[in-house]
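Chains as they are written, first to last, in this note's numbering: chain Y, 280 to 534; chain U, 16 to 257.
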């Protein structure tokens with residue numbers, strides 16, 4: 280269901296301290312999200328692509344993940360130029376292409392693609408367990424971290440439970456349609472899943488108690504920063520600061 | 016027999032499920048150091064309930080529970096019990112909740128206050144003992160059913176318990192995995208109670224048999240004469256079985 284196909288790898292980026300990758304990804308995304316200059320956004324797209332290449336991610340899989348975004352962007356390219364108020368560059372009777380609308384669509388496309396690529400290269404290149412521990416080390420409350428990790432762990436179990444229930448319905452001739460019987464069946468299915476989740480949670484909690492759990496989690500992972508982490512950190516800081524300065528400079532220029 | 020060898024002593028234990036069904040009714044039971052008890056009883060006769068009462072996961076409505084020479088009543092009493100008695104759950108998915116195998120196996124030792132290095136060393140040793148060398152960084156949900164079962168056993172053993180409670184450990188295991196489990200249990204030299212329906216497993220791993228009926232537990236000591244029916248081709252011809 281979640282194959283984590285980017286998590287395993289031996290590229291340089293895979294070996295960087297996870298905490299550093301998370302912070303870099305966050306700050307970098309923030310700067311890109313707040314920038315409006317097309318030049319900076321193109322630079323961002325180039326840098327993000329560079330990161331993806333450096334992580335040696337399988338390009339086909341990267342494009343597959345991007346395609347989800349692209350569907351959404353197509354919609355924006357269709358709607359924005361036609362609906363956004365402002366200077367018209369071309370018009371046929373009631374259809375008017377607005378320049379600000381086009382620019383906005385371009386900005387949104389560049390930003391979202393650049394951020395998604397950077398996230399793939401930086402945060403998807405670690406297993407979710409590592410992500411959880413790194414977030415913990417960065418000060419995220421332990422409850423949120425374990426909510427994330429236990430959700431991740433049991434998502435698969437519930438996926439299986441759901442499929443099992445659905446199969447059980449199907450082998451007895453259930454074909455979904457738009458009728459009350461189908462809705463009722465789905466309601467039962469979901470209800471059953473909730474009940475199963477509840478008793479599963481009880482059993483897991485019991486199993487944890489049996490192994491001496493007393494509300495405190497310990498982590499086995501040790502993160503030891505080494506020279507290449509420092510170089511990577513320096514490089515990312517340089518990129519982030521440069522982009523941010525350029526953007527601020529643009530704003531000062533205009534005013 | 017001196018009482019110090021009695022690890023678990025249950026007296027007059029009763030338990031009703033919410034809704035009224037009495038599962039355990041004035042049950043008496045003693046587990047002695049070195050016992051390897053096979054518990055065979057029909058579904059719904061209260062086997063799992065009994066194990067959960069011993070662990071303090073379910074609260075008996077009457078009776079006294081004495082474990083390791085001390086009466087156990089409250090949650091705190093059972094916290095200590097759980098450190099020294101290992102319960103292997105029926106469903107391994109309940110037991111493995113950490114992302115990787117080593118984290119899950121080390122979960123118990125870390126809770127016992129071991130340092131990270133000690134916990135890792137114990138966990139590796141336990142995995143080696145069960146023939147799971149190299150499983151450290153495997154993702155728990157991606158393991159096969161048999162591997163999940165062995166890893167959850169490793170997680171229990173890593174706490175170095177004095178007593179094991181095994182709830183249908185051979186459930187849904189193929190014959191190769193079952194043979195492996197039998198070898199492990201024979202190697203363990205621990206006191207345990209083993210719930211199972213499989214006589215080939217029990218005959219090789221248990222010294223005595225208990226059964227449950229009407230909310231009580233009995234020792235089954237007598238060999239019963241019984242007949243088997245079987246069928247094969249040319250069965251009508253006079254023949255011998257070896």
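Quick reminder that beta carbons are idealized off the backbone N, C-alpha and C, glycines included.
Nothing from the stretch 19 to 33 of chain U brings a Cβ to less than 8 Å from some Cβ of chain Y. DSSP, reduced to helix, strand and coil, places residue 45 of chain U within a strand of the structure shown. The DSSP assignment places complete alpha helix (DSSP H) segments of no fewer than 4 residues inside the stretch 26 to 90 of chain U at 62 to 69, in order along the chain. Counting only runs of 3 or more residues that sit fully inside the stretch 97 to 179 of chain U, the beta strand (DSSP E) segments are 100 to 103, in chain order. The Cβ of residue 114 of chain U sits closer than 8 Å to at least one Cβ of chain Y.
In this structure, the beta-carbon distance from residue 325 of chain Y to residue 292 of chain Y does not fall below 8 Å.
Across the stretch 297 to 324 of chain Y, no CB contact with chain U closer than 9 Å is found for any residue. Sixteen is the threshold: when 16 or more other Cβ atoms of the shown chains lie within 10 Å of the Cβ of residue 184 of chain U, as they do, the residue is buried. Under the DSSP definition of a beta bridge, residue 21 of chain U partners with U/47.
For residue 214 of chain U, the enclosing alpha helix (DSSP H) covers residues 214 to 220. The three-state secondary structure of residue 182 of chain U, taken from DSSP, is strand. Just so you know, the alpha carbons of residue 103 of chain U and residue 172 of chain U end up roughly 9 Å apart.
Here DSSP, grouped into helix, strand and coil, assigns residue 227 of chain U to strand. Counting only residues of its own chain and dropping the five nearest sequence neighbours on each side, residue 475 of chain Y has a CB closer than 7 Å to the CB of 440. Take residue 424 of chain Y, set aside five residues on each side of it, and the residues of its chain with a beta-carbon closer than 6 Å to its own are 411, 414, 415, in chain order. Where residue 499 of chain Y is concerned, there is no enclosing beta strand (DSSP E), because DSSP gives it neither an H nor an E.
Cα atoms of residue 195 of chain U and residue 466 of chain Y: separation of roughly 43 Å, rounded to the nearest angstrom. Between residue 376 of chain Y and residue 364 of chain Y, the C-beta gap is not smaller than 8 Å, which leaves the two residues out of contact. When DSSP reads this structure, residue 327 of chain Y sits in no beta bridge, so it has no partner. DSSP links residue 376 of chain Y through a beta bridge to Y/369. Residue 110 of chain U reaches chain Y at 486, counting residues in chain order whose Cβ is nearer than 7 Å. Using a Cβ-Cβ cut-off of 8 Å, residue 525 of chain Y does not count as an interface residue toward chain U, since no Cβ of chain U sits closer than that to its own. Secondary structure of residue 210 of chain U (DSSP, three-state): strand. Here the alpha carbon of residue 508 of chain Y sits roughly 8 Å from the alpha carbon of residue 299 of chain Y. For residue 355 of chain Y, the three-state secondary structure derived from DSSP is helix. Here DSSP, grouped into helix, strand and coil, assigns residue 232 of chain U to strand. For the stretch 408 to 429 of chain Y, the set of positions with a beta-carbon nearer than 7 Å to some beta-carbon of chain U reads 408, 428, 429 in chain order. Interface criterion not met: the Cβ of residue 214 of chain U is under 8 Å from no Cβ in chain Y. Minimum Cα-Cα distance from residue 82 of chain U among the listed residues U/148, U/178, U/214, U/210 corresponds to U/178. If you ignore the 5 residues before and after residue 472 of chain Y, its C-beta comes within less than 8 Å of the C-beta of 437, 440, 441, 444, all in its own chain and listed in chain order.
Taken atom to atom, the span from the alpha-carbon of residue 191 of chain U to that of residue 161 of chain U is near 10 Å.
Chain-order list of chain Y residues neighbouring residue 80 of chain U: empty, with the shortest C-beta distance near 16 Å, by a criterion of under 7 Å.
For residue 98 of chain U, the closest Cβ of chain Y is nearer than 8 Å.
Chain Y has no Cβ within less than 8 Å of the Cβ of residue 84 of chain U. Taken through DSSP and simplified to helix, strand or coil, residue 479 of chain Y comes out as helix.
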